[in-house]
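Following: one structure in structure tokens, then a few remarks.
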């Protein structure tokens, strides 16, 4: 019994002391910034004093000794007898770390193993003004609580409580005193137990609601309704208890940034916005390391040295900004810096150098794809992998860890200006709204967070609705091409679909890309309790967990990202291009095969190779703006020039003034820019052999073919774009 | 003396430490897990917990249980893992004498030998003692 009490008291001591040391550090950081409040100062002294007192009472001699060594100095600082200088704060930081190290040992091993750093103690004593004068005058400031060197038997009343009645307590502001009285400490395990029980209650509630729908008894209906409401509220409130403000993760960062800056000879200011944003405890745990890594990276690789910054006209002090906010049912966390940004060329070179991509691939990558190279395993562009952030952790681990909890990471960067990391993470993992679907005879749950919309294609449209590009089924959803994934196929569920039967598409998004998941039937949405899969199954990337449905059956929860990856939706453009070349080389020698978009312009038929096409868009006329180089539109943060195919090809454009609104635009990519080809109507997508080729002298046209019984001109998109830009420049 | 919960897998008699056995349940509704490693039959709902069921016949390289074929589930706990073992008939709880135990004969099939800790010679039968940890925690995808 006594042993248990001792263990518990020691645990409490460690927790409270570590927290206290965090606020001690806050004081030192404030000093370094040039200003600190009396409250911070008094608090800092109190922290050391408390550690000394409580460790003494619990017989922890070495901690008490070390705390005592710094207490005198802190008393002097508090009384204004010693002024805080840069040197002093350095010593005090070391002091804080030394205490922390001892507390950690205590936590891990149950005892303190290392000896006090004698050099540190001497530094502390040297910093004191006058050791002799101190003993007399300072005595009155100390607490009447005496600390005996002999280890004591712990008293029934934890000694820490006696602090509350000392004069020190009067100095704390009324607000903080009231706050500490209305807050209690609860063991995390206890909260988790309650959370589990609430989860079970939610399941049972779902079952009751389902069964009661079969009966029309009003009394039963009322009771079930009440249980329903109460359970929902209970669930919300219990989840709230597990929510912690993100500040609990961020609070360590100022110190980390400061230490790193000192180590690397840089200067950076850490700004925080949105510290009060709350996340479930499990998520906080999961993002701690990734966030720390990104912040360290920002100082290490992002912020330049003061000299370099001066050369670029930047202020000597860099800024790192942490920002958290709610958006769309998720929490967004942004870590931005005004450092040197990501250099895409350098990235490409390193990637090719390390054999991660081929030189050809490096030519064709979009900006976004280049930046995502950072997430490849084993990638670090630091010329010397510093001890600081490259400890074999790596950005790939960051990405994996964030994705494991159902979140995503995005990078935005501009060379010379800075970088922004944007993390999107779900609010909680335990209970999520999900869409239930049936496929292959089994039911599956799809997290609503990834769900965009549902599409049902009826009988007569079925035959034409699904088109094929490289044997990948696609569906044209409001003019945009949506790749399709057949769930029955991906999970190898077997079962043929009846031709003509309605098709159900669940439109999902993964890493910003949309795709449609074909299922047999769509059921309803439900709140489900997420249960992790056992070890044997957790390795399967297509499942995010399992749940128990209202009727007691187990249903698997699909991992949208895992399915997208498995189906090949997330491969980069160059892979699909290589497939094109492979197929065309193995095709019949006498005829070329191509995948083409057929369009009408001025009543003439044109074909545009699908490999050139990024998207099909409809743009309202009012969004089209005039620039000196021609017409353009704002598209995805860029200015996209619009090329009127008709005028570019010198066609008779008597319809120009009656152009249909909205503009039908085929978005093509050249290098890292988008160009919009304006056409009249989109006719079809074909995957076909090209016959009867006749050369064309027309610039912008590669050749003429007969397709679907019409003369079709195959556009040379690159030439068309180049030609238009040259004309524009000439005109200007 | 160890108490063993015994059961048949195919024609062979197996036993597992009673202390690792949480319970024995009848046939349950099992949800299949597409793409799961071989041997994982599916998932079942055990009073709110989701438990993987392992087709022990398949694990021992025998003819797997057909749909609807009668069987029992031995719910085994080992380490942090819990799993349901699909077996044929459940036998009695036995406590064979120490002197009955022998080292596993070399003639045993590999998939059997890697899961058992010992063999007990009973009258007219050979009792193969399973290691609960290995059965539950090992990746059954040893195709």
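Chains as they are written, first to last, in our numbering: chain A, 1 to 732; chain B, 733 to 875. Idealized CB from N, CA, C, for every residue including glycine.
Residue-level contact to chain B via CB, residue i, 7 Å cutoff
i, result
"residue 536(A)", "yes"
"residue 445(A)", "no"
"residue 554(A)", "yes"
"residue 234(A)", "no"
"residue 548(A)", "yes"
"residue 492(A)", "yes"
"residue 618(A)", "no"
"residue 200(A)", "yes"
"residue 193(A)", "no"
"residue 561(A)", "no"
"residue 252(A)", "no"
"residue 540(A)", "yes"
"residue 531(A)", "yes"
Minimum Cβ-Cβ distance from residue i to chain A less than 7 Å
i, result
"residue 805(B)", "no"
"residue 767(B)", "yes"
"residue 785(B)", "no"
"residue 780(B)", "yes"
"residue 862(B)", "no"
"residue 817(B)", "no"
"residue 847(B)", "no"
"residue 875(B)", "Confidence in residue 875(B) is poor, its pLDDT being 28 and thus under 50, which makes the residue's placement unreliable; the coordinate value appears in the next sentence. No, its Cβ sits nowhere closer than 7 Å to a Cβ of chain A."
"residue 775(B)", "yes"
"residue 748(B)", "no"
"residue 741(B)", "no"
"residue 835(B)", "no"
"residue 772(B)", "yes"
"residue 678(B)", "For chain B, the structure presents residues 733 to 875; residue 678(B) sits outside this window and is missing."
Sub-7 Å separation of residue i and residue j beta-carbons
i, j, result
"residue 458(A)", "residue 502(A)", "yes"
"residue 700(A)", "residue 723(A)", "yes"
"residue 194(A)", "residue 238(A)", "yes"
"residue 798(B)", "residue 752(B)", "no"
"residue 484(A)", "residue 516(A)", "yes"
"residue 335(A)", "residue 421(A)", "yes"
"residue 443(A)", "residue 435(A)", "no"
"residue 58(A)", "residue 9(A)", "yes"
"residue 696(A)", "residue 606(A)", "no"
"residue 276(A)", "residue 245(A)", "yes"
"residue 413(A)", "residue 333(A)", "no"
"residue 764(A)", "residue 118(A)", "An answer regarding residue 764(A) cannot be provided, because it is not within the stretch 1 to 732 covered by chain A."
"residue 859(B)", "residue 775(B)", "no"
Nearest-angstrom Cβ-Cβ length linking residue i and residue j, presumed shorter than 8 Å
i, j, result
"residue 508(A)", "residue 451(A)", "6 Å"
"residue 320(A)", "residue 270(A)", "5 Å"
"residue 747(B)", "residue 861(B)", "5 Å"
"residue 348(A)", "residue 374(A)", "No, residue 348(A) and residue 374(A) are not in contact; Cβ-Cβ is about 12 Å, not under 8 Å."
"residue 614(A)", "residue 667(A)", "5 Å"
Review point. Would the region 540 to 552 of chain A and the region 823 to 835 of chain B be scored as touching if the rule is three or more Cβ pairs under 8 Å?
Key: no
**Study point:** Three CB pairs or more closer than 8 Å across the region 14 to 28 of chain A and the region 101 to 108 of chain A
**Key:** yes
Exercise for review: Kindly confirm or deny that the region 799 to 812 of chain B and the region 520 to 532 of chain A touch, where touching means at least three C-beta pairs closer than 8 Å.
Suggested key: no
Check your understanding: What are the complete alpha helix (DSSP H) segments, minimum 4 residues, inside the region 50 to 91 of chain A?
Key -> 61 to 78
**Study point:** Contact the region 478 to 494 of chain A vs the region 511 to 528 of chain A: 3+ CB pairs below 8 Å
**Key:** yes
Check your understanding: Pairing CB atoms from the region 623 to 637 of chain A with CB atoms from the region 670 to 684 of chain A, are three or more of them under 8 Å?
Key -> yes
**Study point:** Secondary structure, beta strand (DSSP E): runs of 3+ residues fully inside the region 287 to 335 of chain A
**Key:** The qualifying runs are 318 to 327.
Review point. Are at least three pairs of beta-carbons, each pair with one atom in the region 399 to 410 of chain A and one in the region 308 to 315 of chain A, less than 8 Å apart?
Key: no
Review point. Does the region 780 to 794 of chain B come close enough to the region 813 to 821 of chain B to have 3 or more Cβ pairs within less than 8 Å?
Key: yes
Point to revise | Contact between the region 826 to 839 of chain B and the region 762 to 771 of chain B (3+ Cβ pairs under 8 Å) | key: no
Exercise for review: Examine the Cβ distances between the region 19 to 31 of chain A and the region 249 to 265 of chain A and report whether three or more of them are shorter than 8 Å.
Suggested key: yes
Practice item. Please go through the region 655 to 724 of chain A and give each complete beta strand (DSSP E) segment of 3 or more residues, from N-terminal end onward. Key: 663 to 670, 673 to 679, 681 to 690, 701 to 707, 710 to 715
Review point. Between the region 391 to 416 of chain A and chain E, which residues of the former have a C-beta closer than 9 Å to a C-beta of the latter?
Key: Note that chain E does not occur in the displayed structure, where the protein chains are A and B.
Check your understanding: Any contact of the region 641 to 653 of chain A with the region 552 to 566 of chain A, i.e. 3+ C-beta pairs under 8 Å?
Key -> no
Point to revise | Contact between the region 349 to 364 of chain A and the region 297 to 306 of chain A (3+ Cβ pairs under 8 Å) | key: no
**Study point:** Whole runs of the alpha helix (DSSP H) within the region 93 to 121 of chain A, excluding any shorter than 4 residues
**Key:** Residue ranges of uninterrupted alpha helix (DSSP H) with 4 or more members are absent from the region 93 to 121 of chain A; none lies entirely inside it.
Review point. Which runs of the beta strand (DSSP E) spanning at least 3 residues fall entirely within the region 214 to 258 of chain A, listed in chain order?
Key: 243 to 245
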